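Novice:
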Amino acid sequence: MYETIEMESAEEILDYLHEQMKDIPEMPETQWRVSYLDPSIASDSINAYYVIPPVDDRSSNVMKINGDNVYDTNSLYETLAHEGFPGHMYQNVTYYEDAHSVMRYLTSPIGYTEGWAMYAEMLGWSWSPLSDDANTFFALSTAINYVLDAAVDLGVNGLGWSIEDVEKYLDQQGFNSSIAEALYEFVTLQPGVILPYGYGLAEMMNLRYEAQDVLKDDFKAEDYHEVILKGGARPFEKVEADVHTWLYGTDAPAPVKEKNVISPVMMAVLGGVAILAVVMIVVMINRRRKKKHGA
172 MYETIEMESA EEILDYLHEQ MKDIPEMPET QWRVSYLDPS IASDSINAYY
222 VIPPVDDRSS NVMKINGDNV YDTNSLYETL AHEGFPGHMY QNVTYYEDAH
272 SVMRYLTSPI GYTEGWAMYA EMLGWSWSPL SDDANTFFAL STAINYVLDA
322 AVDLGVNGLG WSIEDVEKYL DQQGFNSSIA EALYEFVTLQ PGVILPYGYG
372 LAEMMNLRYE AQDVLKDDFK AEDYHEVILK GGARPFEKVE ADVHTWLYGT
422 DAPAPVKEKN VISPVMMAVL GGVAILAVVM IVVMINRRRK KKHGA
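Take the sequence shown: its letter number 178 is residue 349 in the numbering used here, and every next letter is one higher.
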C-alpha cells in the first residue's frame, strides 16, 4: 500500500522539518515564504528552487515550486527538505551567519551545495512520519536514481564508455541493463548536469559511512554535520580533509580501497553499491588525468 504524508501545506511541512533538526547545528531566526510558479513559465525539468537572497537583504528567503511536477505531498515533502530545511535555505542562512566572505558565498561550489541538499533529502526521509519500510523505499529510490545516473555520466563522459559498457556496468551492480540506452542518451545529451546531485550525495554519504565505520558507537550525527557545515561551501577535497582531520588527526586523505566501508544494512537502505561505485569512478578518472599530465 502506497503511504502518503498527511500534511496540508508547504508551510506545515517546513515547520515539521524544522522541528526535526535536532542533529543539525542551530540556525539563526529567519523569514521565509513559499510560492508556486506560474504555469506559463514553469519548466518540466524543474521541481522547485530556492531563490538566493540579495547580500544586503539576508532575511528574504523564497522557495519557488513547480506545482505541475510536485504532484503529491510525498514529492512536496522531499522537495522542501532539499530546498528548505535542512537543505538550501538552512545552508544559505547559516553560511551568512558564519560570516564567510560574500565572494565565497556567491561562488559556492555546486557539488557541495547540491550534495548537502541531496543529503538533506535523505535526512528528511529518516525523519518522516511514514513507516520505516516506506521511508527506506523513498530514500533508496532517490539515492539510486541520482547516484547511478552520475556514475554512468562519469563512465560515459569521463572514461569513454559505450552503451555496451553501460549495460555491463548495470549488470555488475545488479540493475536492469535494459535502461542502458536511455541512460546513455541522457548523459550524452546533458553531460555533467546530474553530477553535482549524484556525486555530491555520494560524497556526503560515503564520508558519513567512513565516519560511522571508524567511530563505531562513538559516532554522533551532530558531530559529522558540524564538520561538514562549519567550513561553508568548499571543494570536496577540503571537505574530505576536514573529515579526515576529525577522524584521524590529519588532513591526509584516507586511501580508497577495494574494501567497502559501507555496512550491508546501509547499502540496502541508501544504495551503497552505487554510492561507492561513483566514488571509485572519480578515482579512476583522476588517476588517468594524472598519468596524462605526467603527475
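Note that CB positions come from ideal geometry on N, CA and C, so glycine has one too.
Source: prediction; values computed, not measured.
Where do the N-terminal and C-terminal ends of the alpha helix (DSSP H) with alanine 339 fall, by residue?
Specialist: One point to set straight first is that residue 339 is lysine, not alanine, in the sequence displayed. Here the alpha helix (DSSP H) through lysine 339 covers 334-344.
Novice: Within a Cβ cutoff of 8 Å, which residues of the same chain sit near lysine 430, ignoring the five residues on either side of it in sequence?
Specialist: Residue placement at lysine 430 is flagged as unreliable, the pLDDT there being 39, under the threshold of 50; a coordinate-derived value is accordingly withheld.
Novice: Relative to the alpha-carbon of threonine 175, which residue among Ala305, Ala310, Met289, Asp227 has its alpha-carbon at the smallest distance?
Specialist: Ranking Ala305, Ala310, Met289, Asp227 by Cα distance to threonine 175 puts Ala305 first.
Novice: Please say whether alanine 404 and tyrosine 121 have beta carbons closer to each other than 9 Å?
Specialist: Lying outside 172 to 466, the shown extent of the chain, residue 121 is not represented and no answer is given.
Novice: In terms of residue numbering, what span does the alpha helix (DSSP H) encompassing methionine 376 cover?
Specialist: First-last of the alpha helix (DSSP H) with methionine 376: 366-386.
Novice: Taking the alpha-carbon positions, what's the proline 362 to alanine 351 distance?
Specialist: For proline 362 and alanine 351, the distance between alpha carbons rounds to 15 Å.
Novice: Going by Cα to Cα distance, which pick from Gln383, Met293, Leu185 is closest to phenylalanine 256?
Specialist: The candidate whose alpha carbon is nearest that of phenylalanine 256 is Leu185.
Novice: Comparing C-alpha positions only, which one of Asp324, Ser297, Gly238 sits nearest to leucine 360?
Specialist: Ranking Asp324, Ser297, Gly238 by Cα distance to leucine 360 puts Asp324 first.
Novice: Asparagine 316 lies in the alpha helix (DSSP H); which residues open and close that run?
Specialist: Run containing asparagine 316: 303-330, per the alpha helix (DSSP H) assignment.
Novice: Determine the DSSP secondary structure at lysine 193, reduced to helix, strand or coil.
Specialist: Lysine 193: coil per DSSP, three-state reduction.
Novice: Taking aspartate 227 as the reference, which of Asp215, Thr313, Val264 has the closest Cα?
Specialist: That would be Val264, whose Cα lies nearest to the Cα of aspartate 227.
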